[in-house]
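Residue 197 is where the first sequence starts when you use this note's numbering, and the numbers rise one by one after that. No residue lacks a Cβ here, since even glycine has one placed at the ideal position from N, Cα and C. Here's the structure, in structure tokens; my notes come after.
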Amino acid sequence: MIRTRFAPSPTGFLHIGGARTALFSYAYAKRQNGQFILRIEDTDIERSTKESVDSIIHAMDWLNLNYDEGPFYQTKRMERYKEVIEQLIAKGQAYHCYCSKEELDKMREEQKSKGLKAKYDRRCLHSPDIREDVKPVVRFKNPESGSVIWNDLIKGRIEIANVELDDLIIARSDGTPTYNFCVVVDDLDMQITHVVRGDDHINNTPRQINILDALGAEIPFYAHAPMILREDGQKMSKRHDAVSVMQYKDMGILPEALLNYLARLCWGHGDDEIFDINQFIQWFDLNNISVSPARFDIKKLYWVNAEHIKHADNQKLAALVIDILKSKQVILNDKLDLPAIIELVKPRTDNLNSLADNIAYFYQPLTPNQEDIDKHLTPEAINLLTNFANELESLDNWTMDGLKQLIKDFCVKYEIKMPGLGMPLRLKLCGTTQTPSFDAIIFLLGKKLTLERLKALHA
RNA sequence: GUCCCUUUCGUCUAGUUGGUUAGGACAGUACCUUUUCAUGGUAUAAACAUGAGUUCAAAUCUCAUAAGGGAUGCCA
């Protein structure tokens, strides 16, 4: 049984890089009929918050990235970590270190000035300066020779010499375990078979493998996916970029569109661009993830979103749009056929907010700007609209065909071209000149509303 | 400094065992459709980081260089 996990640290919201990693991890598990696990890595008590945990879970939920187990919390597993640390100390694979921060800084500086690699010199392993007033940290005794080699499922063979590795701290002086150690114990206990994560963890992997070895554990497969960068190629920044997954919801992005777009960053399947999560799962494999980082392109995201909106079910879109319309104080009524309006309007939008804007004027016409009024609502045009309203009033065949015929006949009768009728009509009916076909608008508005608006005085 | 990762159109990618006019998509440009704005359609421009080597043949294999990123934390 394949088991993968997503292990964010709750020091902020779920960002799109994390979401993409979660997606790969999720899709791989699903593809292999395996299980996907959520684990919250909250060992850094200083920086972890409950709000972050909630927002991460909320975002996973919105994306519909469902986990089979979890969320597990590392802070609830402290006893287990302590137990394993004791084991390692008892076996001589870990040791107490009493060095102060100042001592360590001094040591590192000396090493650097000699052109050496900064690395703990193991003074506490050989002759510990045990002091009652100092609470020691615990260091892992890393192998001194040889190298750690693994076949990364994305990057290929990676080899790192043990001399490059430090005796890393696995427990702080307050007794709390650190990241690299918790990851190992958790992945072991949770029987994770495939560790899928960002490639910023490549450097941690040999340390984790060494700890796993010391524990006599089986080594899982590792797959390190490249990062997502900003449009300009720089690292994403939480201050300057829209990096929170939920910000994209606010921008009117559909979760399935965001997933689709994220999937296409560092991964491709021939010429395919638009697909849903199930299709993605069928196609996905770790070995066709590319090795280099990708830049985030907001324009393409909007295009993908537009495609998903076009293919989305109108009832489903209606539910989403109603929420947005309500938040914009639009007064809704049941006389209008919202799914039919959505069907008409959706090819002209690439996000839910503008979809809502293009629907709002069906319920309440916008206030037209003066420039448009001067241009289109001339006395002649108003006269024309009055005549048009009269013709409409006597139309019994309220169908698209009936309306089309009426409009055609009207244009012939008054010797005008379509835009000559259409533009003032749009302005009067909707308050804007940028709308879909006006025959469709009249049809969906219905006779009563159409006549009401045509007769309104606000021109 | 040392170690690790990376490099195909502006951007995302295809290119699985060396032989392609290096393909697609977004963005761009032009045109067509049209009832305004869009949608849609057609066309167009645009790339193998650099230098060696192996080979009849290299985007693809090897090496070097350069440029970017990461690690070198009692962060994850």
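A check of alpha carbon separations from residue 460 across 612, 578, 273 and 220 identifies 220 as the nearest. Assigned with DSSP and collapsed to three states, residue 352 falls in strand. Using a Cβ distance threshold of 7 Å, residue 358 and residue 339 count as a contacting pair. The C-alpha of residue 327 lies about 15 Å from the C-alpha of residue 291. Under the Cβ criterion (8 Å, minimum of three pairs), the region 497-511 counts as touching the region 451-468. Taking all protein chains in view, the Cβ of residue 255 is crowded by 16 or more other Cβ atoms within 10 Å, so the residue is classified as buried.
As a beta-bridge residue in DSSP terms, residue 373 pairs with 367. DSSP places residue 527 in the coil class of the three-state scheme, outside both helix and strand.
Closest in C-alpha terms to residue 425, from the list 199, 216 and 277, comes 216.
316 is the residue among 316, 346 and 409 whose C-alpha sits nearest the C-alpha of residue 363. Rounded to the nearest angstrom, the gap between the Cα atoms of residue 242 and residue 201 is 24 Å.
Using a Cβ-Cβ distance cut-off of 8 Å, the region 528-540 and the region 504-516 are in contact, since at least three pairs of beta carbons, one from each stretch, lie closer than that value.
Where residue 421 is concerned, the enclosing beta strand (DSSP E) starts and stops at 417-421. For residue 591, the three-state secondary structure derived from DSSP is coil.
The beta carbon of residue 228 is closer than 7 Å to those of 198 in its chain, skipping five residues each way along the sequence. The alpha carbon of residue 495 has as its nearest neighbour, out of 483, 487, 547 and 526, the alpha carbon of 547. Straight-line spacing of the CA atoms in residue 507 and residue 450 works out to 12 Å. Inclusion of residue 376 and residue 393 in the CB contact set at 7 Å is not warranted, their separation being larger than that value. In the displayed model, residue 431 falls within a strand according to three-state DSSP. The three-state reading of DSSP puts residue 582 in helix, counting H, G and I together. Ranking 542, 385 and 633 by CA distance to the CA of residue 620 puts 633 first. Taken in chain order, the complete alpha helix (DSSP H) segments of 4 or more residues contained in the region 285-364 are 297-309 and 319-322. Going by C-alpha positions, residue 356 is about 15 Å away from residue 396. When 366, 269 and 639 are compared, the shortest CA-CA separation from residue 281 is found for 366. A distance of 7 Å or more separates the beta carbons of residue 647 and residue 624. Straight-line measurement puts the Cα of residue 481 at about 60 Å from the Cα of residue 588. Considered as a whole, the region 440-515 harbours 441-446, 451-459, 473-479 and 494-507 as its complete alpha helix (DSSP H) runs of no fewer than 4 residues, in chain order. Residue state for residue 199 is assigned as strand, using DSSP reduced to three classes. Excluding residues up to 5 positions away in sequence, 432, 434, 439, 440 and 441 lie with their Cβ nearer than 8 Å to the Cβ of residue 211 in the same chain.
Here residue 632 carries a coil assignment [DSSP, helix/strand/coil]. For the 7 Å CB-CB criterion, residue 261 and residue 224 do not form a contact.
Straight-line measurement puts the Cα of residue 465 at about 38 Å from the Cα of residue 360. Residue state for residue 227 is assigned as helix, using DSSP reduced to three classes.
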